[in-house]
Amino acid sequence: MPAVSAALLDLMPELDAVEGTVSVWCARLDAPPAVARLADVEHYAASTMKVAVLAAAYRLVEAGRLDLDAAVPVVNEFASSAPGAPAFACTERYDNDPGVWAALGREVRLRWLADRMITRSSNLATNLVLDRVGRAAVAEAWRAVGARHSVVGRGIEDAAARDAGITNTVTAADLGALLSAVVTGPPLVSTASSRAMLATLEAQRGVEDLAAGLPPGTRIAHKNGWVMGARHGAGVIFPADAPPYVLAVCATTPLARNDVADDACALLARIAAASWRDRHDLAPAMS
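Its first residue numbered 725, the sequence shown is counted upward by one per residue in our numbering.
And the structure:
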């Protein structure tokens, strides 16, 4: 491998020593990855799957099958993905957005729910949007970007589906492909939809991992996800002095303690900082 992406490559011994699995995918847009470490290893998706749901929604809008300005009743009861299982509900204390919960029993715009799904990482909003979009449309969005492993098999907190082995998985490579496609637009979505999705991803408030490793004020369109034992982040970084690039990190590790200031957050921030130091030299890796 040539002496490119030196700062990221220098981190590899540290990542090798982490208990668990840390996957990294870093590339300029429309280019092979400069770094691809365990990039096809599957991880539980946590909230990173919400980007695929967002992409699926915009694709349906463009197909004339969905209206983001439609009024949607805010309810907390959802059909399980497990055949024959009872309906399930979200738990408010596990959510990150009291705003959607405050709307229970009322109608809101689907566009607002899609925004809260990303910017506040609302689980309740995610299930409401996923109900309108459908898992088949999300699967088609994954296929459209060439994803090989990632699946959205169920809504959030669908315990019966989880117990039946139906889950949500991602890989760093698939997240990288998805974020790259969001930026470039066609054929995933139109240029207008690409701009709208990027604006939503730039507005997300979870800035404690990847974004924390970048200089203040750096433009980044991203989504993170976390549960006990997993912390992931994927985003498009727009340096003012270098071409934009995509960084996706999936860390399944005991360092992730479901906290905004845990060691996994710090690890992702160090990886992002290394990518920033490499921003001028992100040439494709070679064997």
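Glycine included, every Cβ here is placed at the ideal spot set by N, Cα and C.
Everything numeric in this text was worked out from a predicted model, so none of it was measured.
How many angstroms separate the CA atom of residue 812 from the CA atom of residue 804?
Along the sequence shown, read from residue 1 onward, the residue named residue 812 stands at position 88. Along the sequence shown, read from residue 1 onward, the residue named residue 804 stands at position 80. Put simply, the backbone Cα of residue 812 is about 6 Å away from that of residue 804.
Please state the DSSP three-state secondary structure of residue 794.
As a first step, residue 794 must be located in the sequence shown, where it is residue number 70. Of the three classes helix, strand and coil, the one that applies to residue 794 here is coil, per DSSP.
Use the C-beta contact count for residue 736: other C-beta atoms within 10 angstroms, 16 or more gives buried, fewer gives exposed.
Position 12 of the sequence shown, counted from the first residue, corresponds to residue 736. Flag for residue 736 reads exposed.
Uninterrupted alpha helix (DSSP H) stretches inside the stretch 814-882 (no shorter than 4 residues)
DSSP runs (the alpha helix (DSSP H)) wholly in the stretch 814-882: 822-826, 834-843, 847-857, 859-868.
Would you call the stretch 916-931 and the stretch 898-907 touching, i.e. three or more CB-CB distances under 8 Å?
yes
If you reduce the DSSP assignment to three classes, tell me which class residue 931 lands in.
Along the sequence shown, one-based indexing puts residue 931 at 207. Residue 931 falls in the coil class under three-state DSSP.
Between the Cα of residue 852 and those of 801, 899, 767, spot the shortest distance and give me the residue it belongs to.
Stepping through the sequence shown from its first residue, residue 852 is reached at position 128. When only C-alpha atoms are compared, the closest one is 801.
Can you give me the C-alpha to C-alpha distance between residue 884 and residue 835, rounded to a whole angstrom?
For the purposes of this step, residue 884 is identified with residue 160 of the sequence shown, where counting begins at 1. For the purposes of this step, residue 835 is identified with residue 111 of the sequence shown, where counting begins at 1. Cα to Cα, the separation comes out at about 29 Å.
Spatially closest choice to residue 880 from 901, 866, 857, 848, by CA coordinates:
Translated into positions along the sequence shown, residue 880 becomes position 156. Considering only alpha carbons, the answer is 848.
Residue 992 and residue 933 closer than 8 Å at C-beta:
The count along the sequence shown starts at 1 and reaches residue 992 at position 268. The count along the sequence shown starts at 1 and reaches residue 933 at position 209. Yes, they are a contact pair.
If you scan the stretch 757-791 from start to end, which runs of the alpha helix (DSSP H) of 4 or more residues do you find wholly inside it?
773-786
Do the CB positions of residue 729 and residue 765 come within less than 8 Å of each other?
Numbered from its first residue, the sequence shown carries residue 729 at position 5. Numbered from its first residue, the sequence shown carries residue 765 at position 41. No, the pair does not count as a contact, with Cβ atoms beyond the cut-off.
Should the stretch 829-843 be regarded as contacting the stretch 773-792, the criterion being three or more beta carbon pairs within less than 8 Å?
yes
Got a sec, what are the start and stop residues for the beta strand (DSSP E) residue 900 sits in?
Counted from its first residue, the sequence shown places residue 900 at position 176. Run containing residue 900: none in the beta strand (DSSP E); it sits in the alpha helix (DSSP H), 896-908.
Relative to the C-alpha of residue 938, which residue among 922, 977, 959, 952 is closest?
The residue given as residue 938 occupies position 214 in the sequence shown. Nearest option by C-alpha distance: 959.
Between which residues of its own chain and residue 746 is the CB-CB distance below 6 Å, once the five residues before and five after are set aside?
Walking along the sequence shown from the start, residue 746 turns up at place 22. Excluding sequence neighbours, residue 746 sits near 739, 975.
Coil, strand or helix - residue 1003 by DSSP
Counted from its first residue, the sequence shown places residue 1003 at position 279. It is coil, neither helix nor strand.
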